[in-house]
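Under the UniProt record's numbering, think of the first position of the sequence shown as 1, with each following residue one higher.
Report on the structure given below.
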Amino acid sequence: MADLRHSTDGPSPLSEEGYDESLLPDFYREFISETDLEAFAAALSAPDPSPLTDDLTSSSRNSSLFITAQSDWAPVHPTSRLAGKGKRRGGERKKRRGPQRRSRDETREGYLYTLLKWPLLAIVGAWVVGLAVTYLLTRLYISLYEHFIAWRGKREQLRRKLQATANYADWVEAAKELDTFLGNDKWKAEDEYAYYDHKTVKRVLEQIRKCRRKIEEEGEKTVANGASAPSKSIEELKALIEACVKNNFVGVENSRLYSQTYYGTKNLVQQFIDEVERGLTLLADTNQIGMEEKRTLFKRMHANYGRVALCLSGGASFAYYHFGVIKALLDANLLPDVITGTSGGALVAALAATRTNDELKALLVPALAGRLKACSEPFSVWFPRWWKTGARFDSVDWARKCSWFTRGSMTFREAYERTGRILNISCIPADPHSPTILTNYLTSPDCVIWSAVLASAAVPGIQNPVVLMMKTREGNLVPYSFGHKWKDGSLRTDIPIKALNLHFNVNFSIVSQVNPHINLFFFSSRGSVGQPVTHRRGRGWRGGFLGSATEQYIKLDLNKWLKVLRHLELLPRPLGQDWSEIWLQTFSGTITVWPRTIPSDFWRILSDPDPKQLSRMLHMGQQSAFSILKFLENRMKVERVIERGRRQTRVRRDSLDSIMSEAERSRLLKGSGMKSGTDSGTEESDAVTTGDD
1 MADLRHSTDG PSPLSEEGYD ESLLPDFYRE FISETDLEAF AAALSAPDPS PLTDDLTSSS
61 RNSSLFITAQ SDWAPVHPTS RLAGKGKRRG GERKKRRGPQ RRSRDETREG YLYTLLKWPL
121 LAIVGAWVVG LAVTYLLTRL YISLYEHFIA WRGKREQLRR KLQATANYAD WVEAAKELDT
181 FLGNDKWKAE DEYAYYDHKT VKRVLEQIRK CRRKIEEEGE KTVANGASAP SKSIEELKAL
241 IEACVKNNFV GVENSRLYSQ TYYGTKNLVQ QFIDEVERGL TLLADTNQIG MEEKRTLFKR
301 MHANYGRVAL CLSGGASFAY YHFGVIKALL DANLLPDVIT GTSGGALVAA LAATRTNDEL
361 KALLVPALAG RLKACSEPFS VWFPRWWKTG ARFDSVDWAR KCSWFTRGSM TFREAYERTG
421 RILNISCIPA DPHSPTILTN YLTSPDCVIW SAVLASAAVP GIQNPVVLMM KTREGNLVPY
481 SFGHKWKDGS LRTDIPIKAL NLHFNVNFSI VSQVNPHINL FFFSSRGSVG QPVTHRRGRG
541 WRGGFLGSAT EQYIKLDLNK WLKVLRHLEL LPRPLGQDWS EIWLQTFSGT ITVWPRTIPS
601 DFWRILSDPD PKQLSRMLHM GQQSAFSILK FLENRMKVER VIERGRRQTR VRRDSLDSIM
661 SEAERSRLLK GSGMKSGTDS GTEESDAVTT GDD
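Structure below.
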């Protein structure tokens, strides 16, 4: 299923063609209008709405009633007009002199908490710092161990050949060569493995294969004799397929099955997945099952099997590694329809969800660096702004630059209708009490994408919270959700797995994780998908058992003490923000991709890449994704057949099938001598839908 043809790939990051800006579609085009930017600037300058005095349904407010802070970082000083008004009030001005004190904590802590809070914080903080240093030393030991023991001789030569490939077809060839050298082919041929039920898989595989071949033989006899084929075999196949088309059926989707080789999995597992695909295709194309029954069947299988989503993490300029991950999935024709992004990942996800496949292939090249100018302002410009407002970047200027990636003021619904991809962006309300929102074409269809991207990237101290904008029927932009402010989604939900499952039945997630504070602590002691442990024939531990055990213990201990700080409420809250979630939330998925970074990336974390740097990031992003494509291919080949079956049996809302059943139509037409077909009134819809029928 994965496309291995070089002719379908976009330009290589290493080719000269990829540096030509004139070949990029719409590179010199500005999509956004000044009217939209003015509406956004007006929404930002408006005061926060007050439920006591404001009409929340009105876009116009009396700004003279409020004095608001410019940001969470720094207070705003009263203007001369307001200062004059204060002088006229005389005594009232004296009563309000001085900064307003914070109210006492509602938990009403006792004297012991007040006495021990800071000493405990200092002790635990020092212990955490010591653990972090020990962890880095442990990782250094493991790196040296692997360098001198695991990677040497021909093994190292084959690995370098693998890492130098620029497309998936060449990578597969190099991966097979390395697997053969390491003896992984023998592991594939053995059925038994502790992480799945090989006996059940083998039994079900034989039964499905037997039923399918019997149906095919009966079909040939039917064509020759002109008789109708019996439906018993179809019923048996339908029962078998429905029983095994479930998420991680008897462990066949366990990531350990793909972590012992560079390419592929157990031969038995591969045969099982291929046979399930053939069985599903037969059920989708057969005429022996009624349309209503077939529709119900594929609807149930969709609910049981679920969907795949690509999740792009935040990480400032580290997020540009996501471009390489997108390119690898796109060239292999394995890019999921559901895409979510947070902070920097939201910008990459927006580009992927607003462009067609052909446009994306042309854009994901080093020349794209010419449009990555978010950090182009010199120190003399951004430092005074940061000193005055507490934000390094200007929100309106960022909106202008970001709008090119979202094709102007395109909404989530418009992006879905244009490409069929479902874009999701996590945003956090500026107030600490409201829940996080996952903006998409279901929850906020008219919300403008670039405003959600800006909100998801509004890190305190980097960019002030912004107002989400929505598009009216007339095409004008107005504030969304009463004009409330929103900020960086990575602070709470970098990877919104639960929300994706709720809205789109996602239970298989591919996470491209580049957050710098998390990237340092990623380590898979027994190998990861497409990246096995190479010494001791894959049965060893990275760095030896002692090195892996030490790494795991320190990491778990770090996590424990961070939770202690949070649950005992010892952590201070600078800028009014609880920062504990940037360490303690979920950062991984079913498959987690960790593009390999270099130390200089940390120095350039808030700077724009040049074409050469973006070329390296594209290449490393591709390399990290190549290793997971076989696992993803096996998952998506089943999912896409189920989706095709659902589309073929989908009923138009205005058709007769949506009003009455087949039996009712038969009774209605019986007296007139007309015959009701099983597929009357149905029509395959061209639109891509995600909800239930």
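Glycine included, every Cβ here is placed at the ideal spot set by N, Cα and C.
- Within the same chain, Cβ atoms closer than 7 Å to the Cβ of G544 are found at Y145, the five residues on either side in sequence being excluded.
- With a cutoff of 7 Å on beta-carbon distance, F508 and V338 are scored as not near each other.
- Going by C-alpha positions, A122 is about 10 Å away from L570.
- Around the beta carbon of Y320, 16 or more other beta carbons lie within 10 angstroms, which makes this residue buried.
- Between G344 and G315 the beta-carbon gap is near 5 Å, inside 8 Å, which marks them as a contact.
- For K485, the enclosing beta strand (DSSP E) stretches over residues 485–488.
- Short of 7 Å from the beta carbon of I149, and not among the five residues preceding or following it, lie these beta carbons of its own chain, in chain order: H535.
- When the Cα atoms are used, G290 and R209 turn out to be separated by approximately 23 Å.
- Of all C-beta pairs linking the stretch 515–532 to the stretch 626–634, three or more are shorter than 8 Å, placing the two stretches in contact.
- I582 and K563 have their C-alpha atoms spaced approximately 12 Å apart.
- The stretch 323–341 makes contact with the stretch 408–427; the number of CB pairs closer than 8 Å reaches 3 or more.
- By the Cβ test, the stretch 458–470 is in contact with the stretch 379–396, since at least three Cβ pairs between them sit closer than 8 Å.
- Secondary structure at Q271: helix, using DSSP grouped into helix, strand and coil.
- With contact defined as three or more Cβ pairs closer than 8 Å, the stretch 479–492 and the stretch 443–455 are in contact.
- Around the CB of A175, 16 or more other CB atoms lie within 10 Å, so the residue is classed as buried.
- For I591, the beta-bridge partners assigned by DSSP are I510.
- In the three-state reduction of the DSSP assignment, I32 falls in the coil class, being assigned neither a helical nor a strand state.
- Here C244 carries a helix assignment [DSSP, helix/strand/coil].
- Within 10 angstroms of the beta-carbon of P599 lie fewer than 16 other beta-carbons, which makes it exposed.
- For V466, the CB contacts under 6 Å within the same chain, skipping 5 residues up- and downstream, are S395, L454, A455, A458 in chain order.
- Residue environment: L330 is assigned as buried (16 or more neighbouring CB atoms within 10 Å of its CB, all protein chains considered).
- Secondary structure at L334: coil, using DSSP grouped into helix, strand and coil.
- The residue from K637, E206, E30, R400 with its alpha-carbon nearest to that of E277 is K637.
- Here G153 is exposed, its C-beta having fewer than 16 other C-beta atoms within 10 Å.
- A contact is defined here as three or more CB-CB pairs under 8 Å, and the stretch 356–367 meets this definition with respect to the stretch 609–624.
- Excluding its 5 nearest sequence neighbours in each direction, H619 has C-beta neighbours in its own chain below 8 Å: P13, L14, A166, G324, listed in chain order.
- DSSP places C402 inside the alpha helix (DSSP H), whose first and last residues are 395–402.
- In terms of Cα proximity to D610, the closest of W382, T286, G370 is G370.
- Per DSSP, the continuous alpha helix (DSSP H) segment holding I123 begins and ends at 111–145.
- In summary, R213 is exposed, with fewer than 16 beta-carbon neighbours lying within 10 Å of its beta-carbon over all protein chains present.
- Put simply, of G589, S259, C244, K560 the residue whose alpha carbon is nearest the alpha carbon of S580 is K560.
- Counted as a single uninterrupted DSSP element, the beta strand (DSSP E) harbouring R307 occupies residues 307–312.
- One thing to note: G251 has its Cβ within 7 Å of the Cβ of Y195.
- With fewer than 16 other beta carbons inside 10 angstroms of its own, G130 counts as exposed.
- A direct Cα-to-Cα measurement between A41 and P435 gives close to 25 Å.
- Between K388 and I428, the CB-CB gap reaches or exceeds 7 Å.
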